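Here is the structure we will look at, set down as structure tokens.
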């Protein structure tokens with residue numbers, strides 16, 4: 002035990018002077034604010050628990066390094082850095098303890114409107130900081146039964162393997178638990194919950210579009226389901242199943258909790274078996290003898306007496322699934338030693354670890370897809386190493402590792418990944434820029450992020466919010482896209498402010514003043530608007546906006562079978578129909594919208610200003626703050642972000658989404674006007 006404590010004392014002596022650095026510069030949310038949930042002191046308390054000699058998972062402890070050799074503690078410190086790098090991406094970034102009721106692969110109306118336009122001005126995307134926010138919108142609904150499992154999973158069927166089944170929790174149908182944390186975007190679903198069928202025979206969905214502030218209704222309605230709610234309501238009129246076919250929430254109390262989202266009755270059962278009430282009942286040493294993690298799995302998030310539990314749950318996962326990972330000749334602890342002994346410069350190590358955590362394999366892409374946030378996880382790792390002063394200066398050569406060797410042929414990723422410079426954790430121009438904008442929040446919301454509604458009243462934009470501006474700006478400045486960042490200039494704040502002002506001035510004219518996320522009818526002959534304006538307005542043909550030069554060949558193909566309808570066409574244009582595209586086989590020609598009668602007349606062809614009288618292949622109208630349009634720009638998104646990047650062996654944020662061909666209606670509209678994050 003003294004060996005472990007010596008290593009722990011050494012690591013603690015390095016970490017303790019860095020408390021402020023971790024709490025204020027590393028454990029940050031999307032808004033670059035310190036996490037309210039994950040704190041440095043709780044981390045140290047948890048580390049002490051999981052590395053002690055008495056406690057562990059099946060005899061496993063959190064690896065603290067090698068005693069008896071010079072700088073042996075560095076192996077343990079790098080192990081901790083790898084753990085924290087994943088934690089910062091998985092939950093700290095979103096300040097989440099309970100799993101959210103997620104949306105699938107695109108943003109809701111609230112978040113990140115601006116990011117796509119900045120990205121497109123820079124021509125490419127290469128990162129996915131916000132993907133985790135939205136995973137399981139199903140049939141354009143948020144099933145309440147997502148508590149049972151998302152993305153087609155069934156959490157209560159996460160059972161232990163043979164020989165460990167005695168540890169897992171039993172499924173209690175009468176359990177009732179409601180999550181304490183949830184997403185906070187405009188219209189976000191409340192916390193997940195479980196309850197017996199005697200209370201909810203079936204469950205419906207969360208209607209995120211419902212306007213909940215209706216004090217004049219009888220009875221009055223208010224947005225009071227959770228604090229800060231802006232829209233949405235429960236709709237339990239009919240049963241709505243999640244992707245796994247579940248349409249109730251009985252026994253569905255096993256959603257993810259803690260810093261790496263502990264999930265399922267097996268994992269909670271092991272916590273209880275080794276740390277909780279079960280250990281005490283069996284006469285074994287127990288750190289938390291009064292907590293039954295099988296009866297109260299929510300203790301991880303709600304127990305104010307033990308805030309370290311949020312970290313401990315993640316450490317347990319790490320010790321079982323990462324430290325013990327040994328597949329196809331790739332053994333985690335051996336690779337950790339190789340990384341440290343090699344000078345801590347080969348970032349293929351942390352990329353492999355990211356694959357294990359996010360996709361279940363060390364050499365992604367795995368069967369489950371590309372790693373979510375690979376570059377961000379790497380940047381987190383580099384930030385922590387820099388903060389703790391690794392690699393140490395003056396060490397030319399280390400003694401060889403005592404761990405078993407592995408084949409190095411498996412380690413190299415299939416696609417070279419651009420390196421990120423180690424982030425500077427000192428106060429930056431970005432911090433100054435964000436602080437400056439926060440001081441001007443009120444005037445920005447009143448004068449810039451606002452539009453005049455149908456009653457002639459100036460109101461704040463519902464689409465382009467101050468929070469979304471900060472989030473997207475922070476990402477564009479600090480991380481950027483394919484090595485390009487939104488320009489700020491490190492020597493003076495004013496350059497970044499002027500660049501931002503120029504961007505916003507164009508955005509106001511293009512979209513914010515209309516609160517519009519997609520292009521709408523502007524081109525008219527008198528009071529007549531050609532339905533074929535979706536093909537292009539004012540003489541333009543958007544599907545002919547092809548790429549040239551070095552970008553030649555990146556554009557989307559124009560497919561006659563595409564069928565899309567625009568959403569969010571501006572608060573001023575509610576009387577005008579939405580843009581759409583459709584094949585001539587279904588609609589041989591299109592007519593006109595007569596604004597005098599507010600009627601669409603489709604009995605005869607009516608040309609737009611480019612003489613187009615149909616909407617076949619006309620799916621490339623403007624979207625986003627700068628109304629990005631055309632087959633070239635949308636094709637570049639697919640080339641750098643989507644399925645084309647994946648098919649051609651490049652890293653893809655959205656390998657399963659083809660931005661050119663099969664993108665669902667709501668994905669395209671959200672992806673452009675709400676910043677393709679997620």
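In our numbering, the protein residues as written are 2 to 679. Glycine included, each C-beta is placed from N, C-alpha and C at the ideal position. Everything numeric in this text was worked out from a predicted model, so none of it was measured.
State buried or exposed for residue i, treating a residue as buried only when at least 16 other CB atoms are found within 10 Å of its CB.
i, result
"residue 229", "exposed"
"residue 18", "exposed"
"residue 105", "Confidence at residue 105 is low in this model, with a pLDDT of 35, below 50, so the placement of that residue is unreliable and no value is reported for it."
"residue 478", "buried"
"residue 307", "buried"
"residue 622", "buried"
"residue 175", "exposed"
"residue 279", "buried"
"residue 74", "buried"
"residue 69", "exposed"
"residue 207", "buried"
"residue 258", "buried"
"residue 166", "exposed"
"residue 212", "exposed"
Counting along the chain, where does the alpha helix (DSSP H) carrying residue i start and finish?
i, result
"residue 637", "632-641"
"residue 508", "494-511"
"residue 318", "310-318"
"residue 530", "From DSSP, residue 530 is part of no alpha helix (DSSP H) but of the beta strand (DSSP E) over 529-531."
"residue 597", "From DSSP, residue 597 is part of no alpha helix (DSSP H); its letter is neither H nor E."
"residue 352", "349-360"
"residue 439", "430-440"
"residue 385", "375-388"
"residue 271", "265-275"
"residue 282", "278-282"
"residue 189", "Looking at the DSSP string, residue 189 is not in any alpha helix (DSSP H), and its letter there is neither H nor E."
Taking residue i as the reference, which of the options has the closest Cα?
i, options, result
"residue 261", "102, 270 and 94", "94"
"residue 242", "436, 615 and 203", "203"
"residue 89", "470, 376 and 647", "376"
"residue 320", "268, 187 and 163", "268"
"residue 247", "158, 65 and 500", "158"
"residue 532", "566, 501 and 554", "566"
"residue 552", "452, 640 and 515", "640"
"residue 288", "51, 445 and 527", "51"
"residue 440", "467, 462 and 459", "467"
If you reduce the DSSP assignment to three classes, tell me which class residue i lands in.
i, result
"residue 208", "strand"
"residue 459", "strand"
"residue 25", "helix"
"residue 518", "coil"
"residue 94", "helix"
"residue 292", "coil"
"residue 64", "coil"
"residue 648", "helix"
"residue 466", "coil"
"residue 627", "coil"
"residue 565", "strand"
Suppose the cutoff is 7 Å on Cβ atoms and the five residues either side in sequence are ignored; what does the same chain contact list for residue i look like?
i, result
"residue 599", "576"
"residue 323", "333, 354, 357 and 358"
"residue 201", "249 and 250"
"residue 351", "83, 86, 378, 379 and 382"
"residue 539", "524 and 610"
"residue 602", "592, 593 and 595"
"residue 628", "511, 512 and 520"
Which residues in the same chain have their Cβ closer than 6 Å to the Cβ of residue i, if we skip the five residues on either side of it in sequence?
i, result
"residue 348", "379"
"residue 363", "331, 353, 356 and 357"
"residue 44", "312"
"residue 25", "35"
"residue 265", "156, 159 and 255"
"residue 633", "546, 547, 548 and 556"
"residue 198", "249 and 251"
"residue 240", "203 and 248"
Got a sec: is the Cβ-Cβ distance from residue i to anything in chain C below 8 Å?
i, result
"residue 49", "This model lacks chain C altogether, as it is built from one protein chain only."
Apart from the five residues just before and just after residue i, which ones in its own chain have a Cβ nearer than 8 Å to its Cβ?
i, result
"residue 662", "557, 558, 560 and 563"
"residue 529", "593, 594, 595, 596 and 607"
"residue 194", "145, 148, 177, 178, 179, 180 and 250"
"residue 489", "430, 431, 434, 478, 496, 497 and 500"
"residue 80", "63, 64, 65, 66, 324 and 337"
In the DSSP assignment, the beta strand (DSSP E) including residue i goes from what residue to what residue?
i, result
"residue 453", "451-453"
"residue 615", "From DSSP, residue 615 is part of no beta strand (DSSP E); its letter is neither H nor E."
"residue 234", "234-236"
Is residue i near the ligand GTP, judged by its Cβ being under 7 Å from some heavy atom?
i, result
"residue 520", "With respect to small molecules bound, the structure shown includes none, and the ligand GTP cannot be examined in it."
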